[in-house]
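Q:
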Amino acid sequence: MDILWLEFLFIFIIGSAIGSFLNVVIYRIPLNKSIVFPNSYCPKCNRSIRPYENIPVISFIFLRGKCAGCKEKISLQYPIVEAIMGLLAMLMLYSYNWSWDLLIFGAMVAVLLALSVIDIATYRLPNKIIITGVIIAVVLTVLLKREYVLNMILGGLTGLFLLSLMGLISKLLLRKDTLGMGDIKLAGMIGLYLGPFQTAGMFIIGVFVGALVGISLIIARGKKWGQRIPFGPYLAIGGVIALLWGDSLWQWYISFALP
Ligand SMILES: [Zn+2]
Numbered sequence: 007m008d009i010l011w012l013e014f015l016f017i018f019i020i021g022s023a024i025g026s027f028l029n030v031v032i033y034r035i036p037l038n039k040s041i042v043f044p045n046s047y048c049p050k051c052n053r054s055i056r057p058y059e060n061i062p063v064i065s066f067i068f069l070r071g072k073c074a075g076c077k078e079k080i081s082l083q084y085p086i087v088e089a090i091m092g093l094l095a096m097l098m099l100y101s102y103n104w105s106w107d108l109l110i111f112g113a114m115v116a117v118l119l120a121l122s123v124i125d126i127a128t129y130r131l132p133n134k135i136i137i138t139g140v141i142i143a144v145v146l147t148v149l150l151k152r153e154y155v156l157n158m159i160l161g162g163l164t165g166l167f168l169l170s171l172m173g174l175i176s177k178l179l180l181r182k183d184t185l186g187m188g189d190i191k192l193a194g195m196i197g198l199y200l201g202p203f204q205t206a207g208m209f210i211i212g213v214f215v216g217a218l219v220g221i222s223l224i225i226a227r228g229k230k231w232g233q234r235i236p237f238g239p240y241l242a243i244g245g246v247i248a249l250l251w252g253d254s255l256w257q258w259y260i261s262f263a264l265p
């Protein structure tokens with residue numbers, strides 16, 4: 007068996023286990039519950055989840071999406087978050103191999119995945135998780151990538167600045183708040199990981215993807231212009247794209263702009 011294949015299987019298992027923890031965070035943080043105690047239990051019959059029922063993705067299939075006690079349906083969100091985190095971990099390994107960057111950017115995508123799901127479900131970006139993302143960025147950068155500290159600070163400021171500017175402009179145009187403070191703080195947090203240039207890339211890609219989806223929703227579902235949409239997931243998508251392909255996109259853009 008190919009070693010490479012085993013490495014990717016291994017990182018998928020690690021990633022999906024992190025995804026399983028993110029599910030706990032996604033469910034409990036908006037309800038202000040502890041993420042440590044108690045162990046996972048069925049919200050309907052309170053039956054505690056046995057360890058063999060808690061294997062990411064596989065247990066859901068094995069249980070056919072139902073609680074083993076009361077047969078209540080388990081949300082598809084659980085295996086989907088686990089699978090997405092597993093795939094993101096594979097993508098990070100593919101991009102960074104076994105390096106500190108794998109740890110740093112793996113942590114970033116985990117925080118972004120949790121925040122995106124919560125934002126879609128509740129229109130909120132909990133401070134606790136954003137602060138956790140900030141602490142991870144600062145601690146890991148200072149410990150592992152000290153030469154990057156200035157970049158980190160400039161990236162954070164770039165994120166805060168661009169989103170504040172966008173909030174101000176859209177407020178002037180639409181005469182109401184379409185962006186939350188959470189979006190501004192989130193952009194600052196992502197900026198710490200990306201540095202100033204890729205943060206600008208995140209902003210452009212995020213606005214572009216958000217506008218595409220927003221316009222499609224207006225056409226398809228009759229949503230109104232200027233209605234509040236969760237912007238967190240677009241910043242997250244923009245952040246990951248800028249991280250992985252930002253340099254190539256800049257070069258591609260420059261080759262057009264400066265022939
Ligand atoms: Zn149950």
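Numbering-wise (my numbering), the sequence shown opens with residue 7 and increments by one.
Cβ coordinates follow ideal geometry from the N, Cα and C atoms, glycine included.
1) Nearest CA to the CA of Gly75: which residue from Ile90, Tyr47, Leu97?
2) So what does Lys72 bridge to, in DSSP terms?
3) Could you give the DSSP three-state label for Tyr129: helix, strand or coil?
4) Output the boundary residues of the alpha helix (DSSP H) element that contains Asp189.
5) Check whether the Cβ atoms of Ile196 and Ser170 lie closer than 9 Å to each other.
6) Below 6 Å CB to CB, which residues in the same chain sit around Gly21 once its five sequence neighbours on both sides are set aside?
7) Spatial neighbours of Ala248 within its chain, please: CB distance less than 7 Å, with the 5 preceding and 5 following residues excluded, ordered by chain position.
8) Per the contact definition of three or more C-beta pairs closer than 8 Å, is the stretch 119-132 in contact with the stretch 25-40?
9) With contact counted as at least three CB pairs below 8 Å, one residue from each stretch, are the stretch 97-117 and the stretch 135-148 in contact?
10) Let's test the definition: count the other Cβ atoms within 10 Å of the Cβ of Met7 and tell me whether it reaches 16, buried, or not, exposed.
11) So who's on the other strand from Tyr47, going by DSSP bridges?
12) Can you say whether Ile32 is buried or exposed, counting buried as having 16 or more other CB atoms within 10 angstroms of its CB?
13) Nearest to Phe237 by CA position, among Arg152, Asp125, Leu180, is which residue?
14) Using only CA atoms, which one of Gly188, Pro202, Ile243 lies nearest to Phe214?
15) Are there 16 or more other CB atoms within 10 angstroms of the CB of Ile221, so buried, or fewer, so exposed?
16) Taking 8 Å as the cut-off, is the CB of Gly71 close to at least one heavy atom of ligand 1?
17) Find out if the Cβ-Cβ distance for the pair Ile142, Ala113 is shorter than 9 Å.
18) Helix, strand or coil, according to DSSP, for Phe27 in the structure here?
19) Give a single yes or no on whether Gly165 has its beta carbon closer than 8 Å to a heavy atom of ligand 1.
20) Where does the unbroken alpha helix (DSSP H) through Ser105 begin, and where does it stop?
21) Express the C-alpha separation of Ser176 and Ile19 in angstroms, rounding to a whole number.
A: According to the data block:
1) Out of Ile90, Tyr47, Leu97, the CA that lies nearest to the CA of Gly75 is found in Tyr47.
2) BP columns for Lys72 point to Lys79.
3) Here Tyr129 sits in coil by DSSP.
4) Asp189 -> alpha helix (DSSP H) spans 187-227.
5) Between Ile196 and Ser170, the C-beta spacing is not below 9 Å.
6) Leaving aside the five residues that flank Gly21 on each side, the residues in its chain whose CB is nearer than 6 Å to its CB run, in chain order, Met91, Gly92, Ala95.
7) Take Ala248, set aside five residues on each side of it, and the residues of its chain with a beta-carbon closer than 7 Å to its own are Leu200, Gln204, Gly207, Met208, Ile211, in chain order.
8) Counting Cβ pairs under 8 Å, three or more are found: they touch.
9) As far as the Cβ criterion goes, the stretch 97-117 touches the stretch 135-148, which means the pair count is three or higher.
10) Note that Met7 has pLDDT 48, beneath the 50 cutoff, so the model's placement of it is unreliable and the number below is only indicative. With fewer than 16 other Cβ atoms within 10 Å, it is exposed.
11) When beta bridges are read from the DSSP output, Tyr47 appears opposite Ser54.
12) It is buried - the Cβ of Ile32 has at least 16 other Cβ atoms within 10 Å.
13) When each option's Cα is compared against that of Phe237, the closest is Asp125.
14) Nearest Cα to Phe214 within the set Gly188, Pro202, Ile243: Ile243.
15) It is exposed - the Cβ of Ile221 has fewer than 16 other Cβ atoms within 10 Å.
16) In this structure, ligand 1 has no non-hydrogen atom nearer than 8 Å to the beta-carbon of Gly71.
17) Cβ distance < 9 Å, so Ile142 and Ala113 count as in contact.
18) In the structure shown, the three-state DSSP call for Phe27 is helix.
19) No - ligand 1 has no heavy atom lying nearer than 8 Å to the Cβ of Gly165.
20) Per DSSP, Ser105 lies in no alpha helix (DSSP H) segment and is marked neither H nor E.
21) Those two C-alpha atoms are separated by around 42 Å.
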